[in-house]
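Engineer: End of the sequence shown = 369 in UniProt numbering, gap-free, step of one. Yeah, the Cβ is synthetic: ideal placement off N, Cα and C, and Gly gets one too.
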Amino acid sequence: MASRSAVNSTRHIYKALTRPTSARLIGLARIQNAALSSSPRANSGAASNPAMAFPCLDALETKSATLQASRSSSGPEPSYTSGPTETFHCKDPLLLDWGGILPEFTIAYESWGAVNADKSNVILLHTGLSASSHAHSTAANPQPGWWEKFIGPGAPLDTDKYHVICTNVIGGCHGSTGPSSIDPGNGERYATRFPILTMQDMVRAQFRLLDHLGVDRLHASVGSSMGGMQSLAAGVLFPQRVGRIARRDGTYAADDAACSLTLPPRPYEEQPASQVDTSAPLEPASSRPPEDLVLGLAALRDTPTLVLGVASDILFPAWQQREIAQSLRLAGNRGVTHVELSEEMSLFGHDTFLLDLEHVGGNVRMFLN
Numbered sequence: 001m002a003s004r005s006a007v008n009s010t011r012h013i014y015k016a017l018t019r020p021t022s023a024r025l026i027g028l029a030r031i032q033n034a035a036l037s038s039s040p041r042a043n044s045g046a047a048s049n050p051a052m053a054f055p056c057l058d059a060l061e062t063k064s065a066t067l068q069a070s071r072s073s074s075g076p077e078p079s080y081t082s083g084p085t086e087t088f089h090c091k092d093p094l095l096l097d098w099g100g101i102l103p104e105f106t107i108a109y110e111s112w113g114a115v116n117a118d119k120s121n122v123i124l125l126h127t128g129l130s131a132s133s134h135a136h137s138t139a140a141n142p143q144p145g146w147w148e149k150f151i152g153p154g155a156p157l158d159t160d161k162y163h164v165i166c167t168n169v170i171g172g173c174h175g176s177t178g179p180s181s182i183d184p185g186n187g188e189r190y191a192t193r194f195p196i197l198t199m200q201d202m203v204r205a206q207f208r209l210l211d212h213l214g215v216d217r218l219h220a221s222v223g224s225s226m227g228g229m230q231s232l233a234a235g236v237l238f239p240q241r242v243g244r245i246a247r248r249d250g251t252y253a254a255d256d257a258a259c260s261l262t263l264p265p266r267p268y269e270e271q272p273a274s275q276v277d278t279s280a281p282l283e284p285a286s287s288r289p290p291e292d293l294v295l296g297l298a299a300l301r302d303t304p305t306l307v308l309g310v311a312s313d314i315l316f317p318a319w320q321q322r323e324i325a326q327s328l329r330l331a332g333n334r335g336v337t338h339v340e341l342s343e344e345m346s347l348f349g350h351d352t353f354l355l356d357l358e359h360v361g362g363n364v365r366m367f368l369n
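1. Can you give me the Cβ contacts of asparagine 168 inside the same chain, cut-off strictly under 6 Å, excluding the 5 residues immediately before and after it?
2. For proline 144 and histidine 359, what's the separation of their Cα atoms in angstroms?
3. Could you give the distance in angstroms between the alpha-carbon of asparagine 121 and the alpha-carbon of lysine 161?
4. Pick helix, strand or coil for aspartate 216, following the three-state DSSP scheme.
5. How many whole angstroms separate the CB atoms of threonine 159 and tryptophan 98, which I take to be in contact at a CB cut-off of 8 Å?
6. Taking the alpha-carbon positions, what's the leucine 125 to alanine 139 distance?
7. Based on the DSSP output, what are the partners of serine 221 in its beta bridges?
8. Could you check what DSSP says for glutamate 188 in three-state terms: helix, strand or coil?
9. When the Cα atoms are used, what is the spatial distance from serine 287 to glycine 100?
10. Quick test of the definition: if touching needs 3 or more C-beta pairs under 8 Å, does the region 291-305 touch the region 326-337?
11. Within 10 angstroms of the Cβ of glycine 154, are there 16 or more other Cβ atoms? Answer buried if so, exposed if not.
12. Between the Cα of arginine 322 and the Cα atoms of Ala299, Arg208, Leu293, Glu344, which residue gives the shortest distance?
13. In angstroms, rounded to a whole number, what distance separates the CA positions of serine 231 and proline 50?
14. Report back the beta-carbon spacing between alanine 299 and proline 239 to the nearest angstrom; my notes put them in contact at under 8 Å.
15. Rounded to the nearest angstrom, what separates leucine 157 and glycine 172 at their Cα positions?
16. Do phenylalanine 150 and arginine 361 come within 8 Å of each other at the CB atom, strictly closer than that value?
17. Hey, could you find the ends of the alpha helix (DSSP H) glutamate 323 is sitting in?
18. Just to confirm the assignment, what range does the alpha helix (DSSP H) spanning leucine 368 have?
19. Return yes when the Cβ of serine 180 is within less than 8 Å of the Cβ of arginine 193, no when it is not.
20. Consult DSSP for histidine 134 and reduce its assignment to one of helix, strand or coil.
21. So is threonine 127 buried or exposed if we call it buried at 16+ other beta carbons inside 10 Å?
22. Report the residue from Ile245, Gln206, Asn369, Arg204 whose alpha carbon sits nearest the alpha carbon of serine 224.
23. Distance check for aspartate 356 and alanine 56, CA to CA, integer angstroms please.
24. Can you list, in chain order, the residues of its chain with a C-beta nearer than 8 Å to that of leucine 218? Leave out the 5 residues immediately preceding and following it.
25. DSSP three-state call for threonine 66: helix, strand or coil?
26. For my contact list, glutamate 110 and threonine 85 are in at a C-beta cut-off of 8 Å; report their separation, rounded to the angstrom.
27. Could you check if phenylalanine 353 is buried or exposed, using at least 16 other CB atoms within 10 Å of its CB as the buried criterion?
28. Among the candidates Pro103, Ile314, Arg329, Phe54, whose CA atom is the shortest distance from the CA of glycine 178?
29. Quick check on DSSP: helix, strand or coil for cysteine 173?
30. Leaving out five residues on either side along the sequence, give the residues of the same chain with a beta carbon under 7 Å from the beta carbon of leucine 368.
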């Protein structure tokens, strides 16, 4: 506690400062500090003020610690390794949405599990932006893949039941035709002359591979992140060849943080208005999805679809997944399963699809079965 003389001195100074100025206030602060430094408390070893409380940060730390303690089957984030793959070389040209052309192209791919006699158990697994086809280890490349725990006997993509194929997309850097490939037109690398690609271009190339493999219809098209965009595009472009769609945290239109999937104009034009279910209950107009999105997804009216969002994902936010699920329902799809993981379930943000075997893998498993 400050001494009585120090307090009286301070009161006297306050009375004298009838018109305080910055200089006077600074001088006052110096006098007060000098007075207090001579008090007995100055060297007592006790803090002058109590610690500030941050309950929100404390709650977040507690939640993070709980998640960390329970993630025995998750993480760390896998590496995007690449290595030996199977390859498919297509000699037929691929015309691209933005006017470019690939006179021929190569697709690198890997597969797991046995294909059945009628090839009806095939799952096409679409990758994110930077991933290779190495989603799981193989005899040729035993390094763990980026979805190692999600693929295998008894895993969500159960190789006792399914034959899983994963490709490196065209334009990728892991074996498929991309900017470093040779342009057959001039014998030089494409480099900056490599054409602009859309999600639909990537998917059309993948279905050329399926044609080559003799797969007429997929059991499922599965993808997360950019793979989620491809899975939707696969169903829209080839609705008779995709049995079901399982997608996590993709989008459908450009925004500041994400890649874009702009559904091509043709499906919009080809869907008569009578095919859109206008009798479905609507949310308030402010939250109604864009009409062109509803029309664009009308091709999926008969395709069971899992839409999985994550509250902590700020790249492809959960509200976009809700909007896609609602659009599918408005387009007449009665087989929509929408799941949203709260922050209590996962704080891993966009990487949840790589790490959360329990919630992501568990929901994918139930949907596929």
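Structural biologist: By the coordinates alone:
1. Counted from its first residue, the sequence shown places residue 168 at position 168. Excluding positions up to five away in sequence, the list reads Ala108, Ser132, Ser133, His174, Gly175, Ser176.
2. Within the sequence shown, numbered from 1, the residue matching residue 144 stands at position 144. Within the sequence shown, numbered from 1, the residue matching residue 359 stands at position 359. Distance between the alpha carbons of proline 144 and histidine 359: 21 Å.
3. Reading the sequence shown from its first residue, position 121 is the one you call residue 121. Reading the sequence shown from its first residue, position 161 is the one you call residue 161. About 7 Å.
4. To locate residue 216, count along the sequence shown from 1; it is residue 216. Aspartate 216: coil per DSSP, three-state reduction.
5. Position 159 of the sequence shown, counted from the start, is the residue given in the question as residue 159. Position 98 of the sequence shown, counted from the start, is the residue given in the question as residue 98. Contact between threonine 159 and tryptophan 98 does not hold, since their C-beta atoms are separated by about 37 Å, which reaches or exceeds 8 Å.
6. Counted from its first residue, the sequence shown places residue 125 at position 125. Counted from its first residue, the sequence shown places residue 139 at position 139. Using only the alpha carbons, I get a separation of about 19 Å.
7. Taking the first residue of the sequence shown as position 1, residue 221 is located at position 221. Bridge partners of serine 221: Leu124, Ile245.
8. Your numbering for residue 188 matches position 188 in the sequence shown. The DSSP-derived three-state label of glutamate 188 is coil.
9. The count along the sequence shown starts at 1 and reaches residue 287 at position 287. The count along the sequence shown starts at 1 and reaches residue 100 at position 100. Those two C-alpha atoms are separated by around 37 Å.
10. Yes, they touch.
11. Numbered from its first residue, the sequence shown carries residue 154 at position 154. Answer is exposed; the Cβ neighbour count stays below 16.
12. Position 322 of the sequence shown, counted from the first residue, corresponds to residue 322. The shortest C-alpha separation from arginine 322 is found at Leu293.
13. Your numbering for residue 231 matches position 231 in the sequence shown. Your numbering for residue 50 matches position 50 in the sequence shown. Taking the straight line from one Cα to the other gives about 56 Å.
14. Position 299 of the sequence shown, counted from the start, is the residue given in the question as residue 299. Position 239 of the sequence shown, counted from the start, is the residue given in the question as residue 239. Contact holds; Cβ gap of about 5 Å.
15. Residue numbering aside, residue 157 sits at position 157 when the sequence shown is read from its first letter. Residue numbering aside, residue 172 sits at position 172 when the sequence shown is read from its first letter. Each residue's alpha carbon lies about 24 Å from the other.
16. In the sequence shown, the residue the question calls residue 361 occupies position 361. In the sequence shown, the residue the question calls residue 150 occupies position 150. One point to set straight first is that residue 361 is glycine, not arginine, in the sequence displayed. Yes, these two residues count as a Cβ contact at 8 Å.
17. As a position in the sequence shown, residue 323 is number 323, starting the count at 1. First-last of the alpha helix (DSSP H) with glutamate 323: 318-330.
18. Looking up residue 368 in the sequence shown gives position 368. Here the alpha helix (DSSP H) through leucine 368 covers 362-368.
19. Locating residue 193 in the sequence shown gives position 193, where the first residue counts as 1. Locating residue 180 in the sequence shown gives position 180, where the first residue counts as 1. The answer is no: Cβ separation not under 8 Å.
20. For the purposes of this step, residue 134 is taken as the residue at position 134 of the sequence shown. Three-state DSSP puts histidine 134 in coil, outside helix and strand.
21. Position 127 of the sequence shown, counted from the start, is the residue given in the question as residue 127. Counting Cβ neighbours within 10 Å, threonine 127 comes out buried, since at least 16 surround it.
22. Taking the sequence shown and counting its residues from 1, the one referred to as residue 224 is at position 224. Of Ile245, Gln206, Asn369, Arg204, the residue nearest in Cα terms is Ile245.
23. As a position in the sequence shown, residue 56 is number 56, starting the count at 1. As a position in the sequence shown, residue 356 is number 356, starting the count at 1. According to the sequence shown, residue 56 is cysteine rather than alanine. About 25 Å.
24. Here the question's residue 218 lines up with position 218 in the sequence shown. So the qualifying residues of the chain are Val122, Ile123, Leu124, Leu210, Ala234, Arg241, Val242, Gly243.
25. Working through the sequence shown from its first residue, we reach residue 66 at position 66. Residue state, collapsed to three classes: helix.
26. By one-based count along the sequence shown, residue 110 stands at place 110. By one-based count along the sequence shown, residue 85 stands at place 85. Sure, about 5 Å apart at Cβ, within 8 Å.
27. Your numbering for residue 353 matches position 353 in the sequence shown. It is buried - the Cβ of phenylalanine 353 has at least 16 other Cβ atoms within 10 Å.
28. Residue mapping note: residue 178 aligns to position 178 of the sequence shown, counting from 1. With distances taken between Cα atoms, glycine 178 lies closest to Pro103.
29. Here the question's residue 173 lines up with position 173 in the sequence shown. Note: cysteine 173 maps to coil in three-state DSSP.
30. Locating residue 368 in the sequence shown gives position 368, where the first residue counts as 1. Around leucine 368: Ala220, Ala246.
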